[in-house]
Amino acid sequence: MIIHIKFKVNGVDYDIKTENNKRLLDVLRDDLRLTGTKEGCGIGECGACTIIMDGEAVNSCMVLAGRANNTEIMTVEGLEKDGELSTLQDNFVKMGAVQCGFCTPGMLMSAKALLMKNPDPTVEEIKEAIAGNLCRCTGYTQIVEAIKKTGEENR
Amino acid sequence: MKYFDYFSFDTLGETLEFLKKQKHFVKIISGGTDLIIEFRKNSPKLENIDKVLDISRLRVLKVIEEDNDYVYIGPSCTHTEIVKNDIINKYFPALVEACLSIGCLQTRNQGTIGGNIVNSSPSADTVPALVSYNAELELLKDENIERIFKVKDFIKGPYKNELAKDEMLYCIRIPKDNTEDRLHVFEKLGRRNALSITRISVCANALLEDGKIKKITIVPGAVLPRFKNMKIAEDFLTGKKPQKEVLREASELVAKEVFDEVGERWSTPYKKPVLEKMAFVALCKMFKIEII
Numbered sequence: 001m002i003i004h005i006k007f008k009v010n011g012v013d014y015d016i017k018t019e020n021n022k023r024l025l026d027v028l029r030d031d032l033r034l035t036g037t038k039e040g041c042g043i044g045e046c047g048a049c050t051i052i053m054d055g056e057a058v059n060s061c062m063v064l065a066g067r068a069n070n071t072e073i074m075t076v077e078g079l080e081k082d083g084e085l086s087t088l089q090d091n092f093v094k095m096g097a098v099q100c101g102f103c104t105p106g107m108l109m110s111a112k113a114l115l116m117k118n119p120d121p122t123v124e125e126i127k128e129a130i131a132g133n134l135c136r137c138t139g140y141t142q143i144v145e146a147i148k149k150t151g152e153e154n155r
Numbered sequence: 156m157k158y159f160d161y162f163s164f165d166t167l168g169e170t171l172e173f174l175k176k177q178k179h180f181v182k183i184i185s186g187g188t189d190l191i192i193e194f195r196k197n198s199p200k201l202e203n204i205d206k207v208l209d210i211s212r213l214r215v216l217k218v219i220e221e222d223n224d225y226v227y228i229g230p231s232c233t234h235t236e237i238v239k240n241d242i243i244n245k246y247f248p249a250l251v252e253a254c255l256s257i258g259c260l261q262t263r264n265q266g267t268i269g270g271n272i273v274n275s276s277p278s279a280d281t282v283p284a285l286v287s288y289n290a291e292l293e294l295l296k297d298e299n300i301e302r303i304f305k306v307k308d309f310i311k312g313p314y315k316n317e318l319a320k321d322e323m324l325y326c327i328r329i330p331k332d333n334t335e336d337r338l339h340v341f342e343k344l345g346r347r348n349a350l351s352i353t354r355i356s357v358c359a360n361a362l363l364e365d366g367k368i369k370k371i372t373i374v375p376g377a378v379l380p381r382f383k384n385m386k387i388a389e390d391f392l393t394g395k396k397p398q399k400e401v402l403r404e405a406s407e408l409v410a411k412e413v414f415d416e417v418g419e420r421w422s423t424p425y426k427k428p429v430l431e432k433m434a435f436v437a438l439c440k441m442f443k444i445e446i447i
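Those protein sequence lines, which keep their order, are chains A and B. Reminder that position 124 of the first sequence reads as 124 in the working numbering, one-by-one numbering, no gaps. Counting from 1 along the second sequence, just add 155 to a position and that's the residue number in the working numbering.
Structure below.
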């Protein structure tokens with residue numbers, strides 16, 4: 001069965017037809033070719049596939065394609081503007097918050113969702129926001145620092 | 156991914172009409188945080204399911220409101236929406252704690268309280284809280300026919316419940332009696348902080364009168380096939396002053412009641428003392444008694 005989905009991704013309107021048993025993650029990666037969003041565990045435990053749907057961070061591996069109809073979605077590709085990294089991305093680079101990079105898109109989207117609601121979060125608030133994002137390289141310190149720095153620059 | 160057809164309607168009427176016409180069980184989905192994983196695993200639990208009905212679009216299932224007797228929670232409310240709701244925070248803080256203990260932020264943003272109940276996992280985090288508050292469920296067959304169950308009677312065993320194939324969960328309602336004077340607690344043990352599946356939890360609330368326990372409810376989570384009150388410990392505590400030794404004895408009764416029911420297993424020597432300690436810690440926290 002084919003379903004029809006109309007939604008906005010990174011500010012662009014899409015009107016697509018796809019198989020109804022797909023996950024939003026598959027739609028983003030395979031139908032829209034937005035491969036920045038990664039699949040890690042596929043069971044909602046690692047956060048690599050985190051995207052922002054109607055303002056909330058969600059794991060796109062746990063969202064059915066049809067659920068995305070009439071929503072507004074932001075993926076990691078939506079962070080940069082005209083080829084320039086966002087402040088958040090720039091701080092990830094500056095603070096060494098990226099090592100292998102696989103968790104980075106999800107980590108950035110959890111951070112972005114937090115900063116959208118809370119422009120200058122505390123370390124505790126940052127830890128809570130990224131608790132669902134696993135990183136096996138950095139030990140999290142640099143990631144927390146990069147998000148904290150972005151918050152401070154928002155002051 | 157298992158193959159299924161996907162349906163979603165804009166109104167409750169159309170949704171119920173669709174359910175009525177079905178010959179086989181249709182899987183109703185809202186948040187999907189449990190279901191989509193089961194579909195991907197081709198879980199035997201979903202063997203005969205070939206239709207999915209998405210109710211997340213129905214605004215009427217996302218409302219939280221109150222009248223003089225009850226607080227009504229729409230089953231499609233996400234855990235995040237419950238955590239942020241003023242009414243729930245005012246009357247049912249243990250439910251807020253239970254929702255906060257679920258998964259990670261992403262799961263709480265997506266998963267719903269109705270899904271947590273209907274999935275009927277023995278480790279469902281919101282259910283001990285709902286049972287401790289004596290919550291009831293309104294199941295709807297069509298817009299005029301409803302059945303009402305207490306949450307503890309609705310869940311019949313692990314992943315089994317009373318929902319009929321032409322019914323859907325329409326509302327969770329929690330009685331408001333004495334809520335403002337009650338003491339509340341939710342304690343959970345998992346294997347790590349975020350994302351953990353509950354191994355053991357204890358939810359309780361109590362009403363004091365002249366320093367003595369007038370009414371108390373204790374409901375453990377994840378240790379029994381069905382959720383139920385710890386009647387023996389509750390009866391033991393009623394009328395007593397909440398002192399440390401009394402609470403310790405009550406905690407032993409909680410552990411005894413649970414393991415008398417489930418019987419001795421390989422894990423009993425590990426789990427029983429932990430449940431006992433957790434019940435003790437939970438009761439001490441609730442009555443604001445220092446543990447050490």
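Beta carbons are placed, not taken as given, at the ideal position from N, Cα and C, and that holds for glycine.
Using the rule of at least 16 other Cβ atoms within 10 Å of the residue's Cβ for burial, across every protein chain shown, is residue i buried or exposed?
i	result
residue 283 of chain B	buried
residue 339 of chain B	buried
residue 185 of chain B	buried
residue 49 of chain A	buried
residue 254 of chain B	buried
residue 141 of chain A	exposed
residue 422 of chain B	exposed
residue 9 of chain A	buried
residue 166 of chain B	exposed
residue 379 of chain B	buried
residue 406 of chain B	buried
residue 417 of chain B	exposed
residue 443 of chain B	exposed
residue 385 of chain B	buried
residue 155 of chain A	exposed
residue 46 of chain A	buried
residue 179 of chain B	exposed
residue 319 of chain B	exposed
residue 446 of chain B	exposed
residue 123 of chain A	exposed
residue 94 of chain A	exposed
residue 261 of chain B	buried
May I ask you to list the residues that DSSP assigns as paired with residue i?
i	result
residue 290 of chain B	Answer by DSSP bridge pairing: none, since residue 290 of chain B is not bridged.
residue 16 of chain A	A/5
residue 53 of chain A	A/56, A/73
residue 162 of chain B	B/208
residue 330 of chain B	B/225
residue 23 of chain A	A/64
residue 441 of chain B	Bridge partners of residue 441 of chain B: none, in fact.
residue 82 of chain A	For residue 82 of chain A, which the question treats as bridged, DSSP gives no partner whatsoever.
residue 134 of chain A	Answer is none; residue 134 of chain A lacks a bridge partner.
residue 323 of chain B	B/295
residue 312 of chain B	B/315
residue 267 of chain B	B/233
residue 102 of chain A	DSSP output for residue 102 of chain A lists no bridge partner at all.
residue 304 of chain B	B/292
residue 182 of chain B	B/207
residue 243 of chain B	Answer is none; residue 243 of chain B lacks a bridge partner.
residue 220 of chain B	B/227
Taking residue i and residue j to be in contact with their CB atoms under 8 Å, please state how far apart those CB atoms are, rounded to whole angstroms.
i	j	result
residue 57 of chain A	residue 271 of chain B	At roughly 19 Å, the Cβ-Cβ gap does not stay under 8 Å, so residue 57 of chain A and residue 271 of chain B are not in contact.
residue 182 of chain B	residue 218 of chain B	Wrong, their Cβ atoms sit about 23 Å apart, outside the cutoff.
residue 247 of chain B	residue 314 of chain B	No, residue 247 of chain B and residue 314 of chain B are not in contact; Cβ-Cβ is about 25 Å, not under 8 Å.
residue 75 of chain A	residue 7 of chain A	No, residue 75 of chain A and residue 7 of chain A are not in contact; Cβ-Cβ is about 12 Å, not under 8 Å.
residue 292 of chain B	residue 359 of chain B	With a Cβ gap of about 21 Å, residue 292 of chain B and residue 359 of chain B do not count as contacting.
residue 88 of chain A	residue 115 of chain A	7 Å
At a cut-off of 6 Å, would you count residue i as near the ligand COA, judging by its Cβ distance to the nearest heavy atom?
i	result
residue 220 of chain B	Although the ligand COA was asked about, the structure shown includes no ligands whatsoever.
Chain E beta carbons: is any one of them nearer than 7 Å to that of residue i?
i	result
residue 323 of chain B	You won't find chain E in this structure, because its protein chains are A and B.
TODO: Go through the region 333-378 of chain B residue by residue and report every complete run of the beta strand (DSSP E) that reaches 3 residues or more, in order.
DONE: 338-344, 355-364, 367-376
Open item on the list: Along the region 5-24 of chain A, where does the CB come closer than 7 Å to a CB of chain B? Name the residues.
Closed with: 20, 21, 23
TODO: Give the residues from the region 75-104 of chain A that approach chain B closer than 8 Å (Cβ to any Cβ), ordered along the chain.
DONE: none
- [ ] Check each residue of the region 52-74 of chain A: if its Cβ is closer than 7 Å to any Cβ of chain B, include it; give the result in chain order.
- [x] 56, 57, 58, 59, 62, 63, 64, 66, 67
Task: Contact residues within the region 265-281 of chain B, judged by C-beta distance below 9 Å to chain A - done: 265, 266
Open item on the list: Residues of the region 207-222 of chain B in Cβ contact with chain A at a cutoff of 7 Å, in chain order, please.
Closed with: 209, 211
TODO: Pull out every residue of the region 159-173 of chain B whose Cβ sits closer than 9 Å to any Cβ of chain A, in chain order.
DONE: 159, 160, 161, 162, 163
Open item on the list: Output needed in chain order: residues of the region 238-260 of chain B with a Cβ under 8 Å from some Cβ in chain A.
Closed with: 258, 259, 260
Open item on the list: Under 7 Å, CB to CB, which of the residues in the region 130-143 of chain A have a partner in chain B?
Closed with: 131, 132
Open item on the list: I'd like the ranges of any alpha helix (DSSP H) spanning at least 4 consecutive residues and lying wholly in the region 387-431 of chain B.
Closed with: 399-417
Open item on the list: Can you pull out the residues from the region 356-374 of chain B whose beta carbon lies closer than 8 Å to at least one beta carbon of chain A?
Closed with: none
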